[in-house]
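Read the structure below first, then the notes.
Numbering (our numbering), first residue to last: 2 to 167.
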């Protein structure tokens with residue numbers, strides 16, 4: 002499956018999606034989070050990280066650019082917010098080439114074009130009335146497999162019922 006779309010009625014629905022993404026995630030993944038300010042990118046990232054067992058505060062990387070979180074599996078998840086990056090070369094000083102992350106969650110990824118690993122999953126969020134619309138696009142075989150597993154979760158059947166699936 003290469004695409005799933007849905008309407009997220011509220012923040013709880015966004016959090017449920019993050020939890021579901023965590024439940025069926027691949028061993029390694031690069032996720033790009035797209036959307037305007039306030040679209041729900043950080044809410045989704047926080048829910049996913051919390052579902053992966055991250056305890057303590059989950060800070061927004063808006064000013065630090067990257068926050069690293071140890072996972073119970075012994076590896077790390079990196080949450081990046083590249084909104085304040087002027088050019089991709091500025092990422093050279095963040096130590097991203099150390100390769101310690103099994104999960105990358107990148108907000109405003111277009112600002113780091115060429116300096117980031119290949120994308121597995123694109124998540125496009127937009128304000129839609131009181132809720133949000135979301136489209137998930139598998140950009141690699143692991144990303145497409147992730148969406149297939151996600152679409153099969155019973156707790157998400159209602160969310161994706163009648164939505165666009167490809």
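Cβ atoms here follow ideal geometry from the backbone N, Cα and C, with glycine treated the same way.
Using a Cβ-Cβ distance cut-off of 8 Å, the stretch 114–123 and the stretch 42–51 are not in contact, since fewer than three pairs of beta carbons, one from each stretch, lie closer than that value.
If only uninterrupted beta strand (DSSP E) runs of at least 3 residues are considered, those enclosed by the stretch 114–139 are 122–129 and 132–139. For residue 82, the three-state secondary structure derived from DSSP is strand. The beta-bridge partner set that DSSP reports for residue 69 consists of 79.
Straight across, the Cα-Cα distance linking residue 112 with residue 87 is about 7 Å. Comparing alpha carbon positions, the residue from 145, 102 and 133 closest to residue 39 is 133.
Beta-bridge partners assigned by DSSP to residue 25: none are found.
Taking all protein chains shown into account, residue 71 has fewer than 16 neighbouring C-beta atoms within 10 Å of its C-beta and is therefore exposed. Linking residue 10 to residue 136 through their CA atoms gives a straight-line distance of about 14 Å. Straight through space, the alpha carbons of residue 156 and residue 140 are spaced by roughly 24 Å.
A distance of 7 Å or more separates the beta carbons of residue 46 and residue 83. About 6 Å separates the beta carbons of residue 95 and residue 66, which is inside the 8 Å limit, making them a contact pair. Secondary-structure assignment with DSSP links residue 105 through a beta bridge to 31 and 79.
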